[in-house]
Amino acid sequence: MSQSLINKYNVAGPRYTSYPTVPYWDLESFSLEQWKASLKRSFEESNTSEGLSLYIHLPFCESLCTFCGCHKRITKRHEVEAPYIKAVLKEWQLYLKLLGSTPKIKELHLGGGTPTFFSPEHLEFLISGLLKDAELAEGYEFSFEGHPNNTTEAHLQTLFNLGFRRVSYGVQDYNLSIQKAIHRIQPFENVKRATDLARNIGYTSVGHDIIFGLPFQTEADVIETINKTKTLMPDRIAFYSYAHVPWIKGNGQRGFSEDDLPTPESKRQQYETGKQRFEEAGYVEIGMDHFALKTDSLYKAMENKTLHRNFMGYTASKTQAMIGLGVSSISDSWYGFAQNVKSNEEYYKLLDQDIIPVFKGHILNTEDLVIRKHILNLMCNFETSWINDDMAFNELPEVLINLKEFELDGLLQFETKNVTVTDKGKPFIRNICMAFDLLLQRKKPETKLFSMTI
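Note that full-length UniProt numbering has the sequence shown beginning at 1, numbered continuously upward.
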């Protein structure tokens, strides 16, 4: 990748797990009643044919990882488990009452925080409670995020018995100095143990999350981490760019400075080197920052053009409606987004009053829905078209000018109302999506909102 392109396109930009992105949600006109109506509409349209996705946010961690930008609460007091699960099940009951008929669960994911902070017994109580008033959709997929240090055989077996077949482990990097900098000490032996346990039990997809661009990380560190990863051959790999966003409250990214991070050129080389080694080992690049073996459902979804992207990242199955349960969770009805309150105390208080604990959101207008489709097409399939009327949008001069600029740089092929991203352009997919982001075009952020794209 040329230095001039890195310099030109390394700007702050969204990762597009949604459109509109959260900073551009219309909070003033949003209401809980609007959200309920949008979800009920989506559920009635799609439950029979697709089913519903559930994301459950389990926020507790025993220690703070300083690379993490997720919402979490640090504690070693495990007595917090039972009240939290009780609250999540209460929230689910409020949604069941709203929906009015039995949901079909297509996808269920436990995220965090650290889901394996919770005991196997509490996780079983949670999942059983969620499923007792629901049906399972055909081809359902249950998954969870596991910490290699504390994911036990009992965790894996319990969740397997409940229908889970996919687990992802946060690896980040195996260099001890880097692990100390990001406050995430986990030897390779722990990752191997957790991976082997999952496979022995019968999990069909084991994923590893690796991060490049971490403080003090070098290309040699990335190579060493990938060499060790290849000895375990996880089914899919999330090869994430470290997002340096120290201005976000509570993320802990103040233990090191920007001077400790690799330069943009070095960071991009880390990715290119990693990509080459993954592909040599038989992995295929999926969308942005993901790789999978051809036997994994993520690869098959890409081949079938059914790959989807939402607040959980890339998924192999699409549902129109996704309900997020737990503090800070974000729900998606396709027609609207809603985020839960971020304080455990406020979450419990609202649920005690039988109120769905949403504190902000956005209802999509006609233009939002069209642009959302374009950005999803680009993020999942690296192409989009607005030849048909249902994909037409108000073509701002800035959008067309930006697309022509990308074409001149060899990053995409731009024909009449049709865009195809080239191999050279795939590393710049966030930038290309930004060209379609009409809200961003109309109002550039005045403060830091997003991580750098390269």
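Yeah, the Cβ is synthetic: ideal placement off N, Cα and C, and Gly gets one too.
Bounds of any alpha helix (DSSP H) do not take in Phe337; it lies within the beta strand (DSSP E) bounded by 336-340. If you compare the alpha carbons of Glu415, Leu400, Phe382 with that of Asp423, the shortest gap goes to Phe382. Within the stretch 164-197, complete beta strand (DSSP E) segments of at least 3 residues are found at 164-172, given in chain order.
Annotated three-state conformation of Ala87 is helix, per DSSP. Under the three-state reduction of DSSP output, Ile371 falls in the helix class. Here DSSP, grouped into helix, strand and coil, assigns Phe142 to strand. Within a 10 Å sphere around the beta-carbon of Val11 sit fewer than 16 other beta-carbons, which makes this residue exposed. Looking at the backbone, the Cα of Thr158 and that of Pro357 are separated by about 29 Å. The beta carbons of Tyr203 and Arg236 sit about 12 Å from each other, so the pair does not count as a contact at 8 Å. The C-alpha of Asn227 lies about 28 Å from the C-alpha of Met379. The stretch 92-106 makes no contact with the stretch 365-379: fewer than 3 CB pairs, one atom from each, lie closer than 8 Å. Under the three-pair Cβ rule at 8 Å, the stretch 131-140 does not count as touching the stretch 182-192. Per DSSP, the continuous beta strand (DSSP E) segment holding Arg236 begins and ends at 236-241. Take Phe450, set aside five residues on each side of it, and the residues of its chain with a beta-carbon closer than 6 Å to its own are Ala12, Gly13, Pro14, in chain order.
Taking the Cα of Gln179 as reference, the smallest distance to any Cα among Ile211, Asn418, Ser168, Ser205 is reached at Ile211. The continuous alpha helix (DSSP H) containing Val222 extends over residues 219-230. At the C-beta level, Pro215 and Gln186 stay beyond 7 Å of one another. Sequence-distant partners of Gly163 (beyond 5 residues in either direction) whose C-beta falls short of 6 Å from its own C-beta, in its chain, are Phe142. Taking the Cα of Leu156 as reference, the smallest distance to any Cα among Asp390, Glu219, Leu94, Pro120 is reached at Pro120. Note: Glu107 is bridge-paired with Ser53, Glu141 in the DSSP secondary-structure output.
In the DSSP assignment, Thr158 falls within the alpha helix (DSSP H) that extends over 153-161. Residue state for Ile356 is assigned as coil, using DSSP reduced to three classes.
Of all C-beta pairs linking the stretch 308-327 to the stretch 283-290, three or more are shorter than 8 Å, placing the two stretches in contact. Arg309 carries a strand assignment under DSSP once its states are collapsed to helix, strand and coil.
The alpha-carbon of Val222 is positioned some 16 Å away from that of Asp260. By alpha-carbon distance to Ser38, the top candidate from Ile323, Val341, Thr102 is Ile323.
Contact check for Phe406 against Ile432 passes: the beta carbons are separated by less than 7 Å. Short of 7 Å from the beta carbon of Leu5, and not among the five residues preceding or following it, lie these beta carbons of its own chain, in chain order: Asp409.
Rounded to whole angstroms, the gap between the alpha carbons of Thr116 and Asn150 is 7 Å. Counting other Cβ atoms within 10 Å of its Cβ, His362 reaches 16 or more and is therefore classed as buried. Contact between Gly213 and Pro262 holds, since their C-beta atoms are separated by about 6 Å, short of 8 Å. Lys318 is classed as buried because its beta carbon has at least 16 other beta carbons within 10 Å across all chains shown. In this chain, the beta strand (DSSP E) harbouring Gly324 covers 321-325. If you draw a straight line from the Cα of Glu44 to the Cα of Lys36, it comes to about 12 Å. In this structure Asn340 is buried. Its beta-carbon is surrounded by 16 or more other beta-carbon atoms within 10 angstroms. Within the DSSP secondary-structure output, Cys433 pairs in no beta bridge.
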